[in-house]
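**Q** Residue numbers (my numbering), protein chains in the order written: chain A, 6 to 392; chain B, 3 to 398; chain C, 126 to 586.
Take a look at this one; I'll ask things after.
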Amino acid sequence: MRKFMGSVDLRQILLPIGQMAIFVVGAGALCSVIMVILALLCRGSGADHLLQATQGVGIFTYTVGNLPQVLIDGMTIGFVYAAIALGYTMVYGVLQFINFAHSEIFAIGAFCGVEALIALNGLGILAKAGTIGSFGYFGLALLIGMAASGGMAVLVERVAYRPLRNSPTLVPLISAIGVSFALQDIIRMTESLTTGQFYRVIPTFGNFDAHLVLLRIGGRVIDIQVKSVVVIVAAVAMLVALNYLVKATKVGKAIRAVAQDKHTAALMGIGVNAIISLTFLVGGSLGGAAGVLYALKFTRIDPFVGFMPGIKAFAAAVLGGIGNLTGALLGGMVLGMIESFAGAYLGTYTMGAFGAEYKDMVAFLILILVIIFRPNGLLGEQVSQKA
Amino acid sequence: MRKHVSMIAPAVASLCLLLAAGCEKENKTIKIATQSPLSGAMSVIGSDIKSGTQLAIEQLSDPLVKMGFKVELAPFDDQGNPDTGVANAKAIVSDPSVLGVVGHYNSGVQIPSSEEYHSAGLCNVSPANTNPKVTERGYLEVNRICGRDDVQGAVGAQFAKSKGIKSAYVLHDKTAYGQGIAEYFQKEALTQGIKVVGFAGTEEKANFDAILSPIIAAKPEVIYFGGMFDQSAVLFKQARQKGFKGMCLSDDGFDSSDAAKIGSDALLQGAGTYFSTVSGPANVYPDTAKFVTDFKAKFGNNPQPFAAQSYDCAAILLKAIENAAVANKGKLPARADVTKAVRDLKDFHGITATMTFNAKGDLAKAKYFIIQVTSADPAKWSANRIDQTLDIAPPQ
Amino acid sequence: MLESLKSKLRALSALLNQGRIPYAVCVGLIVLSTALVYGNPRSIPSFLLFVFSASSIYWLRMNRAIQLGLAVFFAVVLVPILGARNVFYLEVIFQIAVFSALALGLNIVVGFSGLLNFGYMAFYAVGAYLWGFFGSQQPNLLHATVTTKALHTPFFMAPDYFYLFIFLGVIVAAILGLLLGLPVLRVRGDYLAIITLAFGEIVRQLANNLDKPLNFTNGPQGLTPIQRPTMPEGVLKLFNNLVQPLVGHRVTDSQAYNILFYLIALLVVVTVIIITYRLDDSKVGRAWTAIREDELSAGAMGINANKLKLGAFAVGASFAGAMGVLFAASRTFVSPETFTFLQSVGVLTMVILGGIGSITGVIVGATVVTLLNIQVLQSFSLFLSQLRQSGAVIPIINFHWSNLSNQLDPSKYQRLIFGVILVLMMIYRPTGLLPAARRKRELTERTEADPEATENGADHV
């Protein structure tokens, strides 16, 4: 641990940023191209006529007009999914085990961050903070959320997973589901006993809701909210930091060693239990940070907030190749884009037959299709059958 | 021998316990049961349905207590699940001291559960079930004091028309409640000549980005959301942040001060936020104000939507039981008598309205209010402005 | 402590199983509990004793024929009569029967073959919606929306097709199980779990959304009314004549239906038990065990793993399909809210709690969880509510019951209870309360290797 900050490996910082940029641009471009082609094909169809009747625009104009906003939304949610997916992927890489309770770790992080902000708001501190101060306080909430969820992840590992490490695969998975359910109710119980509320709303402060104008084209304004920018920047920073930790530090090497072969790593003098706890800590903190960012972007959380994003993030991790950090990034981005496009366009293209309510099903279908046809995911290594 | 004794003794002891536990005292207890979701996502509303009933029992059971009865609350958790609701209904029905049920919150749970109430003749007064099917079956036992989807949705559309709205985007929360109202709104809007630019449902609770982008681009003059405030307030806030300038319209699921807590200033922007409800705001109806104060004092939170209606349901049941007991010369009335007494009530003064039931179990005349949100402060929710009042009879 | 309890139990059962004593004990228990339930129709301890006396028919060693006779008498005579007295108990027993069948089906998938299925409710939903769709007015309302007034639309089929649809439910669910299994079963254990979870959610969302463009499921409003099979007038009159003096009041139509559905459910459960039992002891069952323990070696021994896994999936699904049809008819209402992930996990909890792979265990698990859910938790919270209203005080610490927070209601914590049961069972007793002998061997041998193992490590069959 002493020398892991010895020399900063710039490559490991720039490389993931470059990768992320490629993923964002690639996924966005691919989806956009597909939508534009679809739009061109659908000119003159029933959907086109319906649009003309109700909104006065053709389907091509409608599609292209909405494209920038849809892309931005997709990118934002994609980064959130990527951040959560990293937690799943890290634990899977090290233990070959799906940590089902990760969705609740995400929720705990969200709650702790939001409660911290609500407390600060109650003390009147947030109202007095300027723009820079608001960022500072948000950062504080982020750290609190990360600490809480990281701690909870380690606790869960110690209590519910470690005794089961040598059991057949079925057993820890069931235990994980049990932990997930128990945590959901514990969050609900804590919330209702202390605040009497079921859901919590993040207080408004700072300039997070303000809009930053990116482009003005022919009367249309393409803008992005400051909070979306915060989410993206924070997520990128975390992803880069994690990548650096795993690829360029000695601790990271230990993690990779344990992931590759637990017993040999132990023979090499690596404290396997400590490394596994560390993995849970790091993965959990990322999930918690994702939770606070989610709360910032969408303002409202409840004890069951983790379920859907959890499954979708897992689908993203599998899509990218579970066990593979870069894969989690790619999977998150692709899933976020597809979901955003589906939500925005599905209803219009099917003339209301299949509307935005099918948006969630898209993630599930992707999950099923990927596992069936390409279980290694887009970037995964060959996953061998456990003998 | 000792081994046998050591096993017989606990056996006998437990036997005595069983007999004691099973013995029933002479029945002077009246119970009013509630069925609402006390766990899960809807527990916030369901808890307050139970609390509203509890408050009513505490405040209004004096006449019955003077007659020598003990009045108790028997709360049940239907978990928002039809199975649990039916199982609870059977438990409720098999308890002879239960003379009335206040419930449910989900029409999907109420409809199968009420089959049980109907076959036992047990009276059910509902504070929150808005699905028309609830009373269309014509059961004597089933009543409701809230509005019906087919009326409330139409009211919303008529209000929009009266404000000169020409285009609407309709959303709902994919529950029986929200979708029902939204469908009726759409139907009436089309009849009134309002263009329905889109109709969509979503189970999403927080991430409305994908759904809002096409809505904002379509520039409707009003967004109508059928569903509960914990979704609609978030949606309206996000819509305002994306630059929506038109009107936001919702149903009585929006009627909670927590909507102001969630939506805050967003609710005042653009062309304003309105919602329809059968329950008038507290500043116009002093009884409601007293209820809100008492509720907050006893339970610590502001009452959620339908808590006031639950209070009224319990009040109706208590009054009907009292009338039936008086008619029965002070003895415990039969369930059928209570059921009949509920329907016989004329112009009962509740805190939400003055009520008489028609032959189907709907309120013979319901007053609908369209209320505009005038303040982002949850404490001032009762002071919201009434924009329109309509007296409407339900479909016959 | 556990060891001494176990030895006490063994001593007790040895004592009770000598000679004529079991018969006396069993009949005595039944008579006692029946009297108690009859006299105090709303007493929960009486009811629990009643259920316990039913299980005593199984535990005590008696002549097979007498056991069977007692069981039949209990199920076909005692329960309906007592059920007519208190319709809630019949409902509890009915739900125990339904969930037993579901748990047995899941047991075949999870317990016998080792395939984790988190979306089991999907097959249940398919069965329920199958009869829900055809047995209601829905096929005539395919273009209807919520606003269509459909009160007088004719029903699509005659109600007695219900009996045919039980078999159709079996077939359709089995086909669906095959379709799901085909692409999915080559995938390893935890992936399979997630896929089945996703599949379960997809089916639920489809049920919630398939009201456009054609209205198949009527969306969140659900399908109602669904027809029930006609009750033969003669049978009802006969039943009334026999039972009325005992029950004290005339059995109404709906109460008679409750009893009818209870009997049908019983029939289905018995069939399921017999099928499961025969499968367990057959070549197929042993092949499943082989696949579960070591798929590679099983394949080397010539077992076609894929085919057998598919078979397990299909059989498990078919049980759920049959029960789904029954459920739809008995409730006359189906809606998507019944088929959530929480319910799937509930059935899984029953299997885990009772004992993976053990038939008796699974039934016990189903009984315990159902009783917990419907009865024990609810009545405990009712009890607390009465305490709160009575103004009582705990003496020493002077705690007013009315100050007990509303939030600490036991019936609210279903998820917590499921979750804690699952975790505790997995850590301390993965074989379940009543383990299957084979399973115990497998699960305890693995944990022996872990130095942090708990008492399971010392358990040998």
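We treat Cβ as the ideally placed atom computed from N, Cα and C, and that holds for glycine.
Check whether the Cβ of C:P279 lies closer than 8 Å to any Cβ atom in chain A.
**A** Not an interface residue.
**Q** For the stretch 492-510 of chain C, which residues have a CB atom closer than 9 Å to at least one CB atom of chain B, in sequence order?
**A** Taking 9 Å as the Cβ-Cβ cut-off against chain B, the residues of the stretch 492-510 of chain C that qualify are N498, I499, Q500, L502, Q503, S504, S506, L507 and S510.
**Q** Considering just the uninterrupted stretch of the alpha helix (DSSP H) at B:T204, what are its terminal residues?
**A** Here B:T204 belongs to no alpha helix (DSSP H), and DSSP marks it neither H nor E.
**Q** Taking a contact to mean a Cβ-Cβ separation below 8 Å, would you say A:V339 touches B:K263 in this structure?
**A** In this structure, B:K263 does not lie closer than 8 Å to A:V339 by Cβ.
**Q** Please list the partners that B:V199 has in chain A, where partner means a Cβ-to-Cβ separation under 7 Å.
**A** Chain A residues near B:V199: T59 and Q60.
**Q** Give the secondary structure of B:K27 by DSSP, where H, G and I count as helix, E and B as strand, and everything else as coil.
**A** Note on B:K27: pLDDT 45, under 50, position unreliable in the model; the coordinate value appears next. B:K27 falls in the coil class under three-state DSSP.
**Q** Counting only Cβ pairs nearer than 7 Å, list the residues of chain A close to B:E185.
**A** Residues of chain A passing the Cβ test: none, with the nearest at roughly 12 Å.
**Q** Is there a C-beta anywhere in chain C that falls below 8 Å from the one on B:D393?
**A** False, the Cβ-Cβ gap to chain C never drops below 8 Å.
**Q** Specify the secondary structure class of C:F292 as computed by DSSP and reduced to three states.
**A** Helix.
**Q** For chain A, check one thing: does any of its Cβ atoms lie closer than 8 Å to the Cβ of B:A212?
**A** It does: the Cβ of B:A212 has a partner Cβ on chain A nearer than 8 Å.
**Q** What does the Cβ neighbour count give for B:K189, buried or exposed, with the cut at 16 atoms within 10 Å?
**A** When all chains shown are included, B:K189 counts as buried.
**Q** Terminal residues of the continuous beta strand (DSSP E) containing B:M249?
**A** Element bounds for B:M249: M249 to S252.
**Q** Closest Cβ-Cβ distance between C:N431 and chain B: below 8 Å?
**A** It does not; no Cβ of chain B falls within 8 Å.
**Q** Rounded to whole angstroms, what is the Cα-Cα separation between A:P308 and A:A187?
**A** Those two C-alpha atoms are separated by around 11 Å.
**Q** Strictly below 9 Å CB to CB, what residues from chain A border B:I264?
**A** Within 9 Å Cβ-Cβ: Y204, V206, T304 and R305.
**Q** What residues in the stretch 41-75 of chain A have a beta carbon less than 8 Å from any beta carbon of chain B?
**A** Those would be T59, Q60, Y67, G70, N71, Q74 and V75, in chain order.
**Q** Residues of chain A with CB under 8 Å from C:R513, in chain order?
**A** What C:R513 touches in chain A: nothing, since even the nearest Cβ is about 16 Å away.
**Q** So with CB distances below 7 Å, who are the chain A contacts of C:K337?
**A** G357 and A358, listed in chain order.
**Q** Taking Cβ-Cβ distances shorter than 9 Å, what residues in chain B pair up with A:S345?
**A** Chain B residues near A:S345: D211, A212 and S215.
**Q** Mind checking the stretch 290-319 of chain B against chain A and listing, in chain order, the residues whose C-beta falls within less than 7 Å of any C-beta there?
**A** Taking 7 Å as the Cβ-Cβ cut-off against chain A, the residues of the stretch 290-319 of chain B that qualify are G302 and N303.
**Q** Kindly indicate the opening and closing residues of the alpha helix (DSSP H) around C:H268.
**A** No alpha helix (DSSP H) holds C:H268; DSSP gives it neither H nor E.
**Q** Hey, is the stretch 235-253 of chain B in contact with the stretch 352-372 of chain C, meaning 3+ C-beta pairs nearer than 8 Å?
**A** The stretch 235-253 of chain B vs the stretch 352-372 of chain C: no contact.
**Q** Just the C-alpha distance for C:F237 and C:A299, rounded to the nearest angstrom, thanks.
**A** Cα to Cα, the separation comes out at about 17 Å.
**Q** Please list the terminal residues of the continuous beta strand (DSSP E) segment that includes B:F227.
**A** Taken as a continuous stretch (DSSP letters only), the beta strand (DSSP E) holding B:F227 covers V224 to G228.
**Q** Answer yes or no: does any C-beta atom of chain C fall closer than 8 Å to that of A:F285?
**A** No, no contact with chain C.
**Q** Roughly how many angstroms lie between the CA atoms of B:I59 and C:L161, to the nearest whole one?
**A** Rounded to the nearest angstrom, the two C-alpha atoms are 33 Å apart.
**Q** Identify, in the order they occur along the chain, each residue of the same chain with its Cβ nearer than 8 Å to the Cβ of B:T376, setting aside the five sequence neighbours on each side.
**A** So the list reads L270, K382, A385, N386 and R387, once near-sequence residues are dropped.
**Q** Is there a Cβ from chain A that is less than 8 Å from the Cβ of B:T204?
**A** Yes - at least one Cβ of chain A is within 8 Å of the one on B:T204.
**Q** Would you call the stretch 205-220 of chain C and the stretch 298-317 of chain C touching, i.e. three or more CB-CB distances under 8 Å?
**A** No: the two stretches stay apart, fewer than three of their Cβ pairs being nearer than 8 Å.
**Q** Let me see if you follow: with CB-CB separation under 8 Å, is C:R540 close to chain A or not?
**A** Cβ-Cβ to chain A under 8 Å: yes for C:R540.
**Q** My assumption, with CB atoms under 8 Å, is that A:M273 sits in contact with A:G79. Please give the rounded CB distance.
**A** Their Cβ separation, rounded to whole angstroms, is 43 Å, which puts A:M273 and A:G79 out of contact at 8 Å.
**Q** Got a sec, what are the start and stop residues for the beta strand (DSSP E) B:F371 sits in?
**A** Note, B:F371: beta strand (DSSP E), A368 to Q374.
**Q** Would you report the Cα separation of B:V67 and B:L320, rounded to the nearest angstrom?
**A** Rounded to whole angstroms, B:V67 to B:L320 spans 11 Å at the Cα level.
**Q** Spatial neighbours of C:L293 within its chain, please: C-beta separation below 7 Å, excluding the five flanking residues on both sides.
**A** Contacts found: L255.
**Q** Report the three-state DSSP secondary structure of A:I397 (helix, strand or coil).
**A** Only positions 6 to 392 of chain A appear in this structure, which leaves residue 397 of chain A out of reach.
**Q** Would you call the stretch 394-407 of chain C and the stretch 223-233 of chain C touching, i.e. three or more CB-CB distances under 8 Å?
**A** Result yes; three or more Cβ-Cβ pairs closer than 8 Å.
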